[in-house]
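Since the structure comes first, as structure tokens, the remarks are kept for the end.
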Amino acid sequence: MENNENFFIHLPVQLILTTQGQTLFKQTPGAVKKVKNREGMLKEGLESQSFNASSVQKLIMNSYLEEIYVSLPDLLRQRRQIIDTNNLVVFGILYKKLSPSLAEMMLNSAVLQDFNRKNPKAQITNLNNIDKAKLEAIRTAKKDFFEMMEVEINSEVVQRIISNPILEEEDRFLRMRSLEKFMGFIDKRIWYLYFVIYQSNMREEVRKSFADMIALYLDRTKLATHLSNLVMEFIQNSEKAHFERILVTQNIVSKTEVDKYLKDAQNRKFVIEEAIRKNQMLELSWNMNSETTSVGHTYRIQITISNYGLLEEKARSMLAGKMKTDVTGIPVSNFYKDSGDADKLGAGLGLLYISYLEDLCKKEKIKFNCNIFPEPSKEKTTVKIEIGL
């Protein structure tokens, strides 16, 4: 999905623009309108029943997009579209993060530091110090040389993928497929830094570090898979609680009969129609607001999943006690349980994939939080997942 320029995701969304995004779309009269975000506030944005995955991903990478918001009576039928959206968000942030990481590595190298000492009037302390006109002139004059450097780095990473004994064949294929996109999104100014270093005796050392960095980001693509699985688990639980509330409050079936009732397609159709009639929607959003949630080169993704209905009394008591000391909500790990009942649609909060995600984030030193919040004023329960890259 992340490599198809013409791939459309058929998911009704509100795309909330950042300040920079609003400026960009002013050039397209009529495109921007007032749309509601997840908090119910009217914001400048776009509204669509489907969207081009590549275009939205580029909006994320350029900090033009603050939030992707979905409000529907049911979400499980949109599984493929939700996973695709989640993947484009995570890959977009990884693409965006790679160049600053490579720049930091190179700018801190002994070669660049020595270059700055010898060229005080032409110091390169950040990418903005590189004159774009000069860069293009050098790339044009030494086109073959720059292509050769890119081929060398690409080959170095490919060799690591092929020779990694831990990777399954499918993982190798996915990383080889992703490598081209990662290489393509590297800032051209990075290659100028590498050009300066390439002519020194530290060429081999920095080439290894360059390839290491790309390999690290390819490894982090596993984050998208685990995060998508976790999001779908939460959606399954959220949808079940959402339907249960509608059925039980209207005395259509008892709580113990909800699972059996919902296995019938016509019954599901009825409860979906009731959700629409009562305007009680499930909500899903991805927030990438760099202006308020990011520090330095850390980019955060906050995913929220909300359904009508509050936590059960036991959970509410747990939260009430916790809220006396802090307001961070209840860690989802407090809800781990397995009903063992194959007939249960939601199986409570018996989460399988959160452990995979926690282990990966710990290994990769990625910030990860997952909490559950009641929102009494809205009669909702919300799960928030935060990833810091």
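Numbering (my numbering) for the sequence shown: -2 to 386.
Beta carbons: idealized from backbone N, C-alpha and C, even for Gly.
Can you tell me the Cβ-Cβ gap for residue i and residue j, rounded? I've got them flagged as a contact below 8 Å.
i	j	result
Q46	V32	With 8 Å as the limit, Q46 and V32 do not qualify as a contact, their Cβ atoms being about 13 Å apart.
S225	N84	6 Å
T295	L386	7 Å
L424	V87	Since the first residue shown for the chain is -2 and the last is 386, residue 424 is missing from the structure and cannot be characterised.
E241	K252	7 Å
F207	I150	6 Å
L8	I232	No, L8 and I232 are not in contact; Cβ-Cβ is about 13 Å, not under 8 Å.
K40	I13	5 Å
I384	I298	5 Å
L190	M103	4 Å
Q17	V29	Their Cβ separation, rounded to whole angstroms, is 13 Å, which puts Q17 and V29 out of contact at 8 Å.
I57	M199	In fact, because the Cβ distance is near 34 Å, the residues do not count as touching under 8 Å.
T137	E63	Contact flag wrong, Cβ pair sits at about 37 Å.
I158	M173	6 Å
S197	V108	5 Å
L354	L227	6 Å
S68	E372	Not confirmed; about 15 Å, so no contact.
S106	V203	6 Å
Using three-state DSSP, classify residue i as helix, strand or coil.
i	result
G181	helix
N30	Residue 30 is actually Lys in this sequence, not Asn. K30 falls in the strand class under three-state DSSP.
N226	helix
K375	helix
Q299	strand
G42	strand
N123	coil
K23	coil
F402	Outside the displayed range of the chain (-2 to 386) lies residue 402, so it cannot be described from this structure.
I382	strand
V10	strand
L279	strand
I369	strand
N49	strand
N151	helix
K364	strand
N304	strand
T16	helix
N284	strand
S352	helix
K129	helix
I249	coil
E202	helix
R274	helix
S197	coil
K237	helix
K341	In this prediction, K341 scores a pLDDT of 39, lower than 50, which makes its location untrustworthy; the coordinate-derived value is nonetheless stated afterwards. Here K341 sits in coil by DSSP.
L171	helix
D261	coil
N113	helix
I232	helix
K359	helix
K139	coil
E36	coil
E165	coil
R186	helix
Name the residue from the options whose alpha carbon lies nearest to the alpha carbon of residue i.
i	options	result
K360	V86, M278, D216 and T301	D216
I351	L104, E167, Q75 and M229	M229
Q75	E236, V148 and K381	E236
I6	L14, A107 and R77	R77
N304	K23, L14 and P70	P70
E36	K275, E177, S52 and Y66	Y66
G306	N59, T246, L91 and G27	T246
E270	I300, I298, H239 and K93	H239
E153	L99, I243, N276 and E201	E201
V380	K275, N234 and R265	N234
T25	M38, N34 and G42	G42
Y92	A130, T137, E177 and F22	E177
I369	K260, K377 and K362	K377
I300	F365, S160 and L259	F365
L213	M58, T16 and K362	K362
N116	V193, L95, A138 and Y61	V193
K375	N276, Y61 and K118	N276
E147	G89, I211 and A107	I211
M180	L95, A262 and D168	L95
I382	I302, K260 and F4	I302
K55	E44, G27, L21 and N34	L21
G27	V155, H223 and E44	E44
Is any beta-carbon of chain D found at less than 8 Å from that of residue i?
i	result
M145	Annotation note: the requested chain D is absent from the structure, which comprises a single protein chain.
(request) Within the stretch 54 to 107, note down every full beta strand (DSSP E) run reaching 3 residues or more, in order along the chain. (result) Fully contained in the stretch 54 to 107 are the following beta strand (DSSP E) runs of length 3 or more, in chain order: 62 to 69.
(request) Determine, using beta-carbon pairs with one atom in the stretch 182 to 190 and one in the stretch 127 to 144, whether at least three such pairs fall under 8 Å. (result) yes
(request) Please determine if the stretch 95 to 108 and the stretch 49 to 57 are in contact, where contact requires at least 3 C-beta pairs separated by less than 8 Å. (result) Too few Cβ pairs lie closer than 8 Å, so no.
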